[in-house]
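Going by UniProt numbering, the first residue of the sequence shown is number 1, and it counts up by one from there.
Backbone N, C-alpha and C fix where the C-beta goes; we use that ideal spot for every residue, glycine too.
First up is the structure itself, then whatever we jot down about it.
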Amino acid sequence: MKSGDLTTSNVPQELSAVSKGKAPLLPVTAAPARPGGWRKGIAIFDFIIRLCAMAAALAAAAAMGTSDQTLPFFTQFFQFQASYDDLPTFQFFVIAMGIVAGYLLLSLPFSIVTIVRPFAVGPRVLLLIFDTVALTLTTAAGAAAAAIVYLAHNGNQNTNWLAICQQFGDFCQKVSGAVVASFIAVVLFVFLVVLSAMALRRT
């Protein structure tokens, strides 16, 4: 074997490729994914839930605020009427649902900020605090109104509270629908609080 053949056989293939002007083959690695990218998906879901909760709060306030029924009798001077403003609990319900709907409308820009900047902590903490307050207000208003609606449907013999829903059917139907809408808003607020807590969790 000649000395020239021995030298050529000992040169690695990569060095031979470089000597010929060709770049050596290197393994291609994919760029690592940015950690926490799922926060943007949570922020989008948060925005959608806020719209649904606002619609539920507005529906509850509108249904309760328009609940009014008058029973017809022979003369116009002797009539029975049922309206939401006859009971302070229902008045509180309408005011609370209006406040909650207004808050949800004002919170939409902050929710959009969390979509654009998923890693921003300040807007998310602010939403979490006010969502908890709104959840408490919605639960209190819905629970108080639900107690009155239960008495309107079933009455209470011990306190001589008569069931009025057999006479005021339309009135009871509206106030019952308002209470159901308020509890839908409560469930949506629970989801909002959970989503904010998940987005704030450190990875």
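Exercise. Whose C-beta lies closer than 6 Å to the C-beta of residue 172 among residues of the same chain, with five residues either side of it excluded?
Worked result: By one-based count along the sequence shown, residue 172 stands at place 172. Once the five neighbours on either side are set aside, the close Cβ partners of residue 172 are 152 and 165.
For this session: Mark residue 48 as exposed unless 16 or more other C-beta atoms lie within 10 angstroms of its C-beta, in which case mark it buried.
Result: Against the sequence shown, residue 48 aligns to sequence position 48. Counting Cβ neighbours within 10 Å, residue 48 comes out exposed, since fewer than 16 surround it.
For this session: Measure from the alpha carbon of residue 199 to the alpha carbon of each residue in 144, 138 and 115, then state which is nearest.
Result: Residue 199 sits at position 199 when you count from the first residue of the sequence shown. The residue with the shortest Cα to Cα distance from residue 199 is 115.
Problem set entry | Cβ pair count under 8 Å reaching 3, the segment 53–69 against the segment 82–93 | yes
Problem set entry | Entirely enclosed alpha helix (DSSP H) segments - the segment 35–70, minimum 4 residues | 38–65
For this session: Give the DSSP-derived three-state secondary structure of residue 163 in the structure shown.
Result: Position 163 of the sequence shown holds residue 163. It is coil, neither helix nor strand.
Problem set entry | Meets three-Cβ-pair contact criterion under 8 Å: the segment 124–131 and the segment 97–110 | yes
Problem set entry | Residue from 68, 101 and 118 whose Cα sits closest to the Cα of residue 133 | In the sequence shown, residue 133 corresponds to position 133, counting from 1. Ranking 68, 101 and 118 by Cα distance to residue 133 puts 101 first.
For this session: Would you tell me roughly how many angstroms separate the C-alpha atoms of residue 51 and residue 138, rounded to the nearest one?
Result: The residue given as residue 51 occupies position 51 in the sequence shown. The residue given as residue 138 occupies position 138 in the sequence shown. Cα to Cα, the separation comes out at about 16 Å.
For this session: Please state if the CB of residue 135 and the CB of residue 193 are separated by a distance shorter than 8 Å.
Result: Here the question's residue 193 lines up with position 193 in the sequence shown. Here the question's residue 135 lines up with position 135 in the sequence shown. The answer is yes: Cβ separation under 8 Å.
Exercise. What is the DSSP secondary structure of residue 81, reduced to helix, strand or coil?
Worked result: Within the sequence shown, the letter at position 81 stands for residue 81. In the structure shown, residue 81 sits in a strand (DSSP, three-state: E or B).
Problem set entry | Within 8 Å, strictly: CB atoms of residue 140 and residue 179 | Start at 1 with the first residue of the sequence shown, and residue 140 comes out as number 140. Start at 1 with the first residue of the sequence shown, and residue 179 comes out as number 179. Not a contact, by the Cβ cut-off of 8 Å.
Exercise. Measuring CA to CA, which of 158, 168, 129 and 167 is closest to residue 190?
Worked result: Counting from 1 along the sequence shown, the entry for residue 190 is found at position 190. Selected option, being the one with the closest Cα: 129.
Problem set entry | Between the CA atoms of residue 159 and residue 186 - distance to the nearest angstrom | Locating residue 186 in the sequence shown gives position 186, counting from the first residue. Locating residue 159 in the sequence shown gives position 159, counting from the first residue. Rounded to the nearest angstrom, the two C-alpha atoms are 31 Å apart.
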